[in-house]
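Worksheet: one structure, shown below.
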Amino acid sequence: MGKPGTHAMSSLREKIITIWKEDVLLKRVIRNTSYLFSSQMVVMVLAFGQSILAARLLGASLYGWLAVIMDFATTVNRLFSFRMNEFVVRYMGRELVHKDLTRAGAFAKVAGLTETITSIFAFVIYMLLVPLGAKYIVKDVSSIPYFYIYGFFILANITYETATGILQVLNRYKIQAVFQIIQSGVTAAIIVIAFFTKGSVFIILLGYLIGKFILGFGSIIAAWVGLNQDLGNDWIKAPFSILPPFREMAGFTISTNLSATAKLLTSGSLETQLIGFFLNTKAVAIYSIANNVTVPLMTPVSQFISTTYPEMTKSIAAKKWQELKQLLRRVTIISATWTVFFFVVMAIIGPWILPIWGQEFIAAYPVLLILMVGYSISNIFFWNRSLLLSFGKANIPLYIITGAAIAKIALAFVFVPVYGMNAEALLLSGNFVVSVGLLVWIGLAMIRRVEKKDLTENRLTS
0 MGKPGTHAMS
10 SLREKIITIW
20 KEDVLLKRVI
30 RNTSYLFSSQ
40 MVVMVLAFGQ
50 SILAARLLGA
60 SLYGWLAVIM
70 DFATTVNRLF
80 SFRMNEFVVR
90 YMGRELVHKD
100 LTRAGAFAKV
110 AGLTETITSI
120 FAFVIYMLLV
130 PLGAKYIVKD
140 VSSIPYFYIY
150 GFFILANITY
160 ETATGILQVL
170 NRYKIQAVFQ
180 IIQSGVTAAI
190 IVIAFFTKGS
200 VFIILLGYLI
210 GKFILGFGSI
220 IAAWVGLNQD
230 LGNDWIKAPF
240 SILPPFREMA
250 GFTISTNLSA
260 TAKLLTSGSL
270 ETQLIGFFLN
280 TKAVAIYSIA
290 NNVTVPLMTP
300 VSQFISTTYP
310 EMTKSIAAKK
320 WQELKQLLRR
330 VTIISATWTV
340 FFFVVMAIIG
350 PWILPIWGQE
360 FIAAYPVLLI
370 LMVGYSISNI
380 FFWNRSLLLS
390 FGKANIPLYI
400 ITGAAIAKIA
410 LAFVFVPVYG
420 MNAEALLLSG
430 NFVVSVGLLV
440 WIGLAMIRRV
450 EKKDLTENRL
460 TS
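Take the sequence shown: its position 16, counting from 1, is numbered 15 in numbering that gives the first Met the number 0, and each next residue is one higher.
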């Protein structure tokens, strides 16, 4: 007679195998996620190597100087350009479910055109803001030419968001992964050469910029090819007249853009700007490294966002509520398992890892611990915002994220100049706990409500 523990383990194993065989939706999500995860693991290793070599070559102050320049461009681009990937997944993805290829092509076209216009606008605004960034954040006007040069990455990504959304709804995750690896490989190679030849900060900046061009243009070309293959070469001729009213599309697009912009107010790129403004570039470098060390926490789970969002949208369009709840439950268990494991490991080995970048960076350990609390909550419930977007409720994340972000930034003016980086990290973690918690609660309540409504209607019609 076998031991009880052995029997229990055998039953659990059989249950997992059964779930895997029968849950087609989860299998598709896992498969697509595996493509992005594999590439991101390579990208993560290369990024770690890049940051270590760059930090050792430049030192903390100059490394922070470089981080501010790159993050300033990223922040302005995200602030003024629309997140058309969410628009594409929401509208084009829905039309593909209903096999309406003409309307799907029209949505792809209007998304690309809209993003082109907004990206050019973002580039112009960035160029006008450069002197302010150099004077008040880097606090070094000699950095202005470097700001201008790196700003061209905005044009390299002129329709990158649209291309990403198209590749997602067309299930072209593998090609996304390929371009991510190529980008990181080229950037890493340039930084390695700069390190061993004692190159300048300009060479390192150029390495990052070239990588952006590869990822941006590569994704755009891949999306164009995918559209021709799946929708036919005439998708570009799809008339705008078959689209929904402009007000509906604009409302969703503006809401998602404002929501993502509000989310930007708590992103790593803006964090470096605030720390540079309140403190100095050395503090920026230390905070950036603490933030970078959390990347392995986010990398595996972050790939689920782009793969589960289209699946949630399809389940809601088909009114498959049990399928949707099952997907959320299972991906949450997966994300929670990884998150808890990583948190414990990094809490233990953090003091031994940080000096790899240089002894100056051991000061990042308290910041690291604080950041991991907030990131862990966001990581476990990574679907919090996407679920509401799948329902078309873009305004709800907008209001919650905006309110939390405004409160966080206002408090930064009070606490960061006095308590430094730890205060900024604490404010960011608190922001995640509040905003993510509210969005999860509202999203789950919405599922219960629409499911109950559908059951009632089915009883009445049966």
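Every residue gets a Cβ at the ideal spot worked out from N, C-alpha and C, and that includes glycine.
Scanning Ala393, Asn421, Ser434 and Asn394 for the CA closest to the CA of Ala406 turns up Ser434. The alpha-carbon of Pro238 is positioned some 10 Å away from that of Phe106.
Cβ-Cβ distances below 7 Å link Leu169 to Gly225 and Asp229 in the same chain, with the five nearest sequence neighbours on each side left out; the list follows chain order. Excluding sequence positions up to five before and after Ile274, its CB lies within less than 8 Å of the CB of Ala282, Val283, Tyr286, Val415, Met420 and Glu423, all in the same chain and listed in chain order. The three-state reading of DSSP puts Ser218 in helix, counting H, G and I together.
Per DSSP, Met91 lies in no alpha helix (DSSP H) segment and is marked neither H nor E. Arg246 carries a helical assignment under DSSP once its states are collapsed to helix, strand and coil. Annotation: Val87 to Ala222 spans about 12 Å, alpha carbon to alpha carbon. For Leu387, the uninterrupted alpha helix (DSSP H) run begins and ends at Asn383 to Ser389, by DSSP. 8 Å or more divides the Cβ of Val67 from the Cβ of Ile153. The Cβ neighbour count for Ser385, taken over all protein chains shown within 10 Å, is at least 16; the residue is labelled buried. A contact between stretches requires three or more CB pairs, one per stretch, nearer than 8 Å, and the stretch 205-223 meets this requirement with the stretch 182-193.
The stretch 47-59 makes contact with the stretch 340-358, as at least three CB pairs between them are under 8 Å. For Glu160, the enclosing alpha helix (DSSP H) starts and ends at Tyr159 to Val168. Assignment of Leu370 by DSSP, reduced to helix, strand and coil, places it in the helix class. Annotation: the continuous alpha helix (DSSP H) that includes Gly349 extends over Trp320 to Ile352. Leu61 is not a Cβ neighbour of Leu204, given a cutoff of 8 Å. Note on geometry: alpha-carbon atoms of Phe120 and Phe245 lie some 21 Å from one another.
Sequence-distant partners of Ala162 (beyond 5 residues in either direction) whose C-beta falls short of 6 Å from its own C-beta, in its chain, are Ser218, Ile219 and Ala222. Counting along the chain, no alpha helix (DSSP H) covers Lys98, and no H or E run does either. For Leu410, the CB contacts under 6 Å within the same chain, skipping 5 residues up- and downstream, are Leu426 in chain order.
In summary, Lys134 is exposed, with fewer than 16 beta-carbon neighbours lying within 10 Å of its beta-carbon over all protein chains present. Counting other Cβ atoms within 10 Å of its Cβ, Arg458 stays below 16 and is therefore classed as exposed. The DSSP-derived three-state label of Ala317 is coil. Taking the Cα of Phe412 as reference, the smallest distance to any Cα among Ile400, Phe277, Phe178 and Arg329 is reached at Phe277. Within the model, the alpha-carbon separation for Leu323 versus Thr307 is close to 10 Å. In the three-state scheme derived from DSSP, where H, G and I count as helix and E and B as strand, Gly357 is classed as coil. Within a 10 Å sphere around the beta-carbon of Asp139 sit fewer than 16 other beta-carbons, which makes this residue exposed.
The beta carbon of Pro350 sits closer than 8 Å to those of Ile361 and Tyr364, all from its chain and outside the five residues before and after it, given in chain order. With respect to the 8 Å criterion, Glu310 and Leu327 are not classified as neighbours on the basis of their beta carbons. Taking every protein chain shown into account, the CB of Phe146 has 16 or more other CB atoms within 10 angstroms, so this residue is buried.
Membership of Lys173 in the alpha helix (DSSP H) is indicated by the continuous run Tyr172 to Phe195. A Cβ-Cβ separation of about 5 Å places Ala335 in contact with Ile379 under the 8 Å criterion. With a cutoff of 8 Å on beta-carbon distance, Gly442 and Gly373 are scored as not near each other.
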